[in-house]
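*Asks:* For the sequence shown, this note's numbering gives the first residue as 4, with consecutive numbering after it.
Heads up, the beta-carbon is just placed ideally off N, CA and C, and yes, glycines get one too.
Below: one structure in structure tokens.
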Amino acid sequence: MKAVYAGSFDPITLGHVSVIERAFQLFSEVHIIVANNRSKKHHFTIDQRTELVALSIPQDEKLQIVPYEGIVADYINKNDINVVIRGIRNATDLEYELQLEQYIRNTTMADTIYLSPYTHYMQTSSSLVRMFLMSDKTELAATYMVPKAYMQMLDFVD
């Protein structure tokens, strides 16, 4: 079965990585879609975020990392994806994800499954990481929330 895990990954967190690791165990092919949500102001460009994802997870022949500017449902249909993976940490995430699942059901033949990150990453979010990085808590974010590749990437971001 082919699965897709889509997100802006701005930045990718250790919670995202844990969901990807679990997806590897469940599916024969995993597509990681680095989406460019035009309604968000991204910290990194789509190319930098794609590189960060690639540097943050083990490379595997059943993995495809794709920067994508379009609607994810179109990608799902064009690539015969069977399953959409969504990460959830709490009830707030679930409420949003259920709305998204209805859209996926109406526009694709894919089923949606929900995977939670490992327990120690349940409170980690990209927004929280960005907040720490704008304060004096950079070391906290680097140690507990993001892959080492993210901190290396900071060296060439304005």
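#1: Let me check understanding here. Comparing Cα to Cα, which of Q62, V37 and G73 lies closest to P49?
#2: Measuring only the C-alpha atoms, how far is V56 from P14?
#3: Drop a sphere of 10 angstroms on the beta-carbon of S21, count the other beta-carbons inside from all chains shown, and report buried for 16 or more, exposed for fewer.
#4: Under 8 angstroms between the Cβ atoms of I79 and A26?
#5: In whole angstroms, what separates the C-alpha of V160 from that of F47?
#6: Which partner residues of K5 appear in the DSSP bridge assignment?
#7: Considering Cα atoms alone, identify which of H19, S11, K65 and Y147 is closest to I91.
#8: Kindly indicate the opening and closing residues of the alpha helix (DSSP H) around V56.
#9: Enumerate, from N- to C-terminal direction, the unbroken beta strand (DSSP E) stretches of 3 or more residues contained entirely within the region 105-141.
#10: Using a 10 Å radius around the Cβ and a threshold of 16 neighbouring Cβ atoms, would you call Y8 buried or exposed?
#11: Would you call the CB atoms of I107 and T95 closer than 8 angstroms?
#12: Consult DSSP for V69 and reduce its assignment to one of helix, strand or coil.
#13: Just reading off the alpha helix (DSSP H) that V75 is part of, what are its end residues?
#14: Out of curiosity, what's the CA-to-CA distance linking E100 and A76?
#15: Using the Cβ count rule (16 or more neighbours within 10 Å means buried), how would you classify P120?
#16: Does DSSP classify D161 as helix, strand or coil?
*Replies:* This is what the structure holds:
#1: Taking the first residue of the sequence shown as position 1, residue 49 is located at position 46. Sequence check: residue 49 is Ile here, not Pro. The shortest C-alpha separation from I49 is found at V37.
#2: Indexing the sequence shown from 1 puts residue 56 at position 53. Indexing the sequence shown from 1 puts residue 14 at position 11. Rounded to whole angstroms, V56 to P14 spans 9 angstroms at the Cα level.
#3: Residue 21 sits at position 18 when you count from the first residue of the sequence shown. So S21 counts as buried.
#4: If you number the sequence shown from 1, residue 79 lands on position 76. If you number the sequence shown from 1, residue 26 lands on position 23. Not in contact: I79 and A26 (Cβ atoms no closer than 8 angstroms).
#5: Counting from one through the sequence shown, the residue named residue 160 turns up at place 157. Counting from one through the sequence shown, the residue named residue 47 turns up at place 44. Residue confidence for V160 is low, a pLDDT of 44 falling below 50, so the modelled location carries little weight and cannot support an answer.
#6: To locate residue 5, count along the sequence shown from 1; it is residue 2. E32.
#7: For the purposes of this step, residue 91 is taken as residue 88 along the sequence shown, with counting starting at 1. Looking at the Cα atoms, H19 is the closest of the given residues.
#8: As a working mapping, residue 56 is identified with position 53 in the sequence shown. Counting along the chain, the alpha helix (DSSP H) containing V56 begins and ends at I49 to S59.
#9: 114-118
#10: Counted from its first residue, the sequence shown places residue 8 at position 5. Buried: at least 16 other Cβ atoms inside 10 Å.
#11: For the purposes of this step, residue 107 is taken as the residue at position 104 of the sequence shown. For the purposes of this step, residue 95 is taken as the residue at position 92 of the sequence shown. No, Cβ-Cβ distance for I107 and T95 is not below 8 angstroms.
#12: Translated into positions along the sequence shown, residue 69 becomes position 66. Note: V69 maps to strand in three-state DSSP.
#13: Taking the sequence shown and counting its residues from 1, one reaches residue 75 at position 72. Residues V75 to K81.
#14: Here residue 100 refers to the residue found at position 97 of the sequence shown. Here residue 76 refers to the residue found at position 73 of the sequence shown. Taking the straight line joining both Cα atoms gives about 14 angstroms.
#15: By 1-based counting over the sequence shown, the position of residue 120 is 117. So P120 ends up on the buried side.
#16: In the sequence shown, counting from the first residue as 1, residue 161 sits at position 158. Low per-residue confidence applies at D161: pLDDT is 40, beneath 50, and the placement is therefore not dependable, though the value from the model is reported in the following sentence. Here D161 sits in coil by DSSP.
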